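Chains A and B are the protein sequences, given in the same order. Count the first sequence with the numbering used here and you get residues 1 to 187, in order. Count the second sequence with the numbering used here and you get residues 1001 to 1177, in order. Built from N, CA and C at the ideal position, the CB exists for glycine as well. Keep in mind the model is a prediction, meaning the values are calculated, not measured. Scroll down for the structure; my scribbles are underneath it.
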Amino acid sequence: MTQCEQIEPLLTGFADGELLPSEMQSVARHLAVCEKCEAELVDFAAIGERLREIMGEPNLEGFAQSVMAKLPKPTPIWDRARSFLHLFNERWIAGAALGAATLAIGAFTMILVTPLAQDFMARGMDRSALLASFRAPARGLPSTVRLASLGHRSRAVISRLESKMPSVAVWSGPETEATVIWVPDQR
Amino acid sequence: MTGAGSNRARLLTGAMIFALIALGRADAQAQSFRGPLLTVTIDSVLAADTKEGTDPRLPDPIKRELAELFGYSTYRLVSHQEITTNWGRELDFVLPGGRVLRVAPQNFDGHMVAMAVLMFDGERPVMSTDFKLENGGDLMLGGHRYANGMLIVTIGVKTESAPNAGGPSDQAPPPNG
């Protein structure tokens, strides 16, 4: 696709100033060096002007008043409050359940932000990552598997690992951050 | 044209096409060489529970990593292989025990070296991986039974700025102790 073919669909939007800033800039830069597209833009502008002349302006006298007359009148706030209370009174059980649920969510949130809960969650996430990624071999494996470790000297980021072995494992040391890929022999 | 002359012409044409293809491949390979030279180091370490300690020939960072990552009482350097190369080449290292490690350095972003590694057991690919490794760092592969323990292979990478490419230098260390 040539640059002109890319720019052409944007010309009407450019003429109306409806493009994104980056698109406006692209079209403007192209127009500066392309006489063909510039001529096309002039044609678009001329057609638009001609259409506006033919269409003429509609008679808008009394339009706003007629629209406002059709809109429903706002209900007074007291009426709205009374209606809500009436509804709540009829459904007090649902209201009580809603309140209990709110209290439960609040209590759960408080538990989650405690250090003990955070530690528990972190351990759970590590374990799930381990199980989702690899099955660890029996010998000498730390419980944490980190594909992307953040050490200084031996930092490694593994983007792909494929093996037909069912128990390939990856882990890294917390201090050296060195990474091991453990590919056991097939039994 | 006689039959013998026709055969000679065909052979000559075939040889010219082959030469052109070979030249083209060599040129393409030469064009893929970018960036500073790279040294790939493969250390093969026998890890066992024979309480012989750690081989003093092992570099200190490797010693620290082995001690942290594994729980063996013996680490003995079995082989040390080192190749200084350009980018875009595939380097094959024969490991103790017969497995072959194919290392293909791909690019260097100034801090980390991207590489692809393929391990073969005979002709069968055992493991394939792509990773980025910090310049001067190493990644370990383990799990293959060897002698009275397990073989742990460290893949080390370091870029060099000096343009003195060396050929493969595969040297086995003197026997331990």
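Excluding the 5 residues flanking residue i on each side, which residues of the same chain have their C-beta closer than 6 Å to its C-beta?
i, result
"T1041(B)", "E1082, G1156"
"N1148(B)", "A1048"
"E1052(B)", "T1074"
I'd like to check one pair, residue j with residue i: are the Cβ atoms closer than 8 Å?
i, j, result
"F1108(B)", "V157(A)", "no"
"V1100(B)", "S1044(B)", "no"
"A169(A)", "S154(A)", "no"
"M1119(B)", "V183(A)", "yes"
"V1113(B)", "R1102(B)", "no"
"L31(A)", "E23(A)", "no"
"L1066(B)", "I1152(B)", "yes"
"G1097(B)", "Y1146(B)", "yes"
"E175(A)", "E1134(B)", "no"
With a threshold of 8 Å between beta-carbons, can residue i be considered close to chain A, or not?
i, result
"F1093(B)", "no"
"K1063(B)", "no"
"L1139(B)", "yes"
"D1055(B)", "no"
"D1109(B)", "no"
"M1119(B)", "yes"
"L1046(B)", "no"
"H1144(B)", "yes"
"E1068(B)", "yes"
"M1127(B)", "yes"
"K1158(B)", "no"
"D1049(B)", "no"
"T1052(B)", "Contrary to the premise, residue 1052(B) reads as Glu rather than Thr in this sequence. Not closer than 8 Å to any Cβ of chain A, the Cβ of E1052(B) fails to qualify, so no."
"L1038(B)", "no"
Any idea what DSSP makes of residue i, helix, strand or coil?
i, result
"K1158(B)", "strand"
"P1096(B)", "coil"
"S83(A)", "helix"
"N89(A)", "helix"
"P1105(B)", "strand"
"A1147(B)", "coil"
Verify the CB distance criterion: does residue i have a CB-CB separation below 8 Å to chain B?
i, result
"E162(A)", "yes"
"M165(A)", "yes"
"D16(A)", "no"
"L130(A)", "Note that L130(A) has pLDDT 37, beneath the 50 cutoff, so the model's placement of it is unreliable and no number is given."
Going by alpha carbons, who is nearest to residue i out of the options?
i, options, result
"F14(A)", "R80(A), C34(A), L41(A), I77(A)", "L41(A)"
"T1159(B)", "T1084(B), R1089(B), G1142(B), R1145(B)", "T1084(B)"
"T1154(B)", "S1128(B), P1056(B), T1050(B), K1063(B)", "K1063(B)"
"K164(A)", "P174(A), V180(A), D185(A), T176(A)", "D185(A)"
"T1144(B)", "V1126(B), D1138(B), G1137(B), D1055(B)", "Before going further, note that residue 1144(B) is His rather than Thr in the sequence given. Cα-wise, what sits closest to H1144(B) is V1126(B)."
Suppose the cutoff is 7 Å on Cβ atoms and the five residues either side in sequence are ignored; what does the same chain contact list for residue i look like?
i, result
"D1121(B)", "R1099"
Excluding the 5 residues flanking residue i on each side, which residues of the same chain have their C-beta closer than 8 Å to its C-beta?
i, result
"G99(A)", "none"
"C34(A)", "Q3, C4, I7"
"L131(A)", "For L131(A), the predicted structure reports a pLDDT of 37, less than 50, and the residue's modelled location is therefore unreliable. A value from the coordinates is still provided. If we look at L131(A) and ignore the five residues flanking it on each side, it has no Cβ neighbours."
"S1128(B)", "A1116, V1117, L1118, M1119"
"L11(A)", "V27, C37, E40, L41, F44"
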